[in-house]
């Protein structure tokens, strides 16, 4: 009897173990299938965005006959670099490139400065009227005066047809302000309290303690600002009519929208073994290059800064 009872108990104990192991096997199989699906999906998405870019590179290095005949796909045909030499000697391209660099550098630095100076006091619960200040800033994020009143304001401030109009109105971005504020709120209060005991003021605490600990979110927001200013063409299209200070994106927009006969024909005649399509491709690639060079240096801060800055409401 005892032997039979022990065998029945052992069989009862083994049954759920088998079920658990089978469920684990099913779970691991499902995880593998999900991972395979994710890999295939993101490879497809990556190729969808990469193939047009590779096609532009191939066109920019291909000969005139190959581009005109439409035989260029992913690899250059009749390799040549005259297109890039021609684009880099174009005075309009150089002027617009210089304007975009100035706007991006000044806009990013001033944007980080003023957004950080605004976010730091708003991250302190002891600030009087903090709730109303936040409501005021959020209201401006949701509602604006409109295009015509904004243009009239820029006109009254003497900013129309000046480089300042391209970065001064957007120096404080409310969404970025909230991200930085939430990041500051996550820093230990004990650090600031110990600094106050040592006699440090608010500005010294911000510069010496808070900012060094906030490199992830500052690098992320700095990248956001840089991409925003570098890619912006709408503000220049509204406020800028002087061709000498048009930014690069507006130059590319006019190049791509206008027909080759109107915008590129006379200029291409002076180029050797190239076409309007090749010049457009080379100009687009050169306009993309600065952001591609900056992004790898900030990538390690990117995900961490966004996640930490967006956890708290």
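In UniProt numbering, the protein residues as written are 1 to 313. Don't be surprised by glycine CBs; every beta carbon is placed ideally from N, CA and C.
Residue span of the alpha helix (DSSP H) that contains residue i, given as start and end
i, result
"residue 68", "64-69"
"residue 231", "215-231"
"residue 205", "202-205"
"residue 238", "234-239"
"residue 253", "248-257"
"residue 190", "189-197"
Cβ-Cβ distance between residue i and residue j below 8 Å
i, j, result
"residue 68", "residue 288", "no"
"residue 372", "residue 115", "Lying before the first or after the last residue shown, residue 372 is absent from the chain, which here runs from 1 to 313."
"residue 226", "residue 166", "no"
"residue 62", "residue 77", "yes"
"residue 84", "residue 210", "no"
"residue 253", "residue 239", "no"
"residue 283", "residue 93", "yes"
"residue 230", "residue 163", "no"
"residue 244", "residue 95", "yes"
"residue 100", "residue 293", "no"
"residue 177", "residue 140", "no"
"residue 64", "residue 123", "no"
"residue 41", "residue 58", "no"
"residue 56", "residue 285", "yes"
"residue 138", "residue 174", "yes"
"residue 159", "residue 168", "yes"
Proximal residues to residue i (C-beta, below 6 Å), its chain only, five neighbours per side dropped
i, result
"residue 222", "108 and 112"
"residue 43", "none"
"residue 127", "121"
"residue 203", "none"
"residue 52", "none"
DSSP three-state assignment for residue i, whether helix, strand or coil
i, result
"residue 85", "helix"
"residue 172", "coil"
"residue 136", "helix"
"residue 144", "coil"
"residue 296", "helix"
"residue 121", "helix"
"residue 99", "helix"
"residue 43", "helix"
"residue 80", "coil"
"residue 276", "helix"
"residue 38", "helix"
"residue 184", "helix"
"residue 72", "coil"
"residue 167", "coil"
"residue 210", "helix"
"residue 158", "coil"
"residue 55", "helix"
"residue 109", "helix"
"residue 129", "coil"
8 Å CB neighbourhood of residue i in its chain, flanking five on each side removed
i, result
"residue 196", "205"
"residue 242", "161"
"residue 250", "96, 233, 236, 237 and 240"
"residue 153", "145"
"residue 271", "Unreliable positioning characterises residue 271 in this predicted model, as indicated by a pLDDT of 46, which lies under 50. The coordinate reading is nonetheless provided below. The answer, listed in chain order, is 82, 83, 86 and 279."
Closer than 8 Å to chain B by CB, residue i
i, result
"residue 198", "The structure shown contains no chain B; it holds only a single protein chain."
Close Cβ partners of residue i (< 7 Å) along its chain, the five nearest in sequence each way excluded
i, result
"residue 224", "176"
"residue 281", "56, 59 and 60"
"residue 297", "none"
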